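Everything below concerns the one structure shown next.
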């Protein structure tokens with residue numbers, strides 16, 4: 022099972038790749054002479070990529086929140102061990 026950090030990295034890479042593809046599509050729409058069908062296809066692809074980016078960003082936010090919870094839990098457990106050690110050694 023992939024870790025939260027690796028899932029975050031994967032989503033960030035997916036978002037970056039989608040943004041790069043949107044850039045290329047946008048450049049093609051502005052600079053190239055396209056038939057109406059080609060233009061419509063590219064605009065449709067652009068909308069799909071925007072939706073995919075929004076979904077990935079929502080997932081990324083959830084994963085980051087989960088990562089913060091895990092980190093806080095780790096810090097709390099470490100603090101308990103330190104307190105227990107200090108009590109035992111006193």
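In the working numbering, the protein residues as written are 22 to 111.
Beta carbons are placed, not taken as given, at the ideal position from N, Cα and C, and that holds for glycine.
Everything numeric in this text was worked out from a predicted model, so none of it was measured.
Under the criterion of beta carbons closer than 8 Å, residue 84 and residue 32 qualify as touching, at roughly 7 Å.
Leaving aside the five residues that flank residue 77 on each side, the residues in its chain whose CB is nearer than 8 Å to its CB run, in chain order, 32, 35, 36 and 39. Here residue 22 carries a coil assignment [DSSP, helix/strand/coil].
In the DSSP annotation of this structure, the continuous segment of the alpha helix (DSSP H) that includes residue 95 starts and ends at 57-110. Short of 6 Å from the beta carbon of residue 24, and not among the five residues preceding or following it, lies no beta carbon of its own chain.
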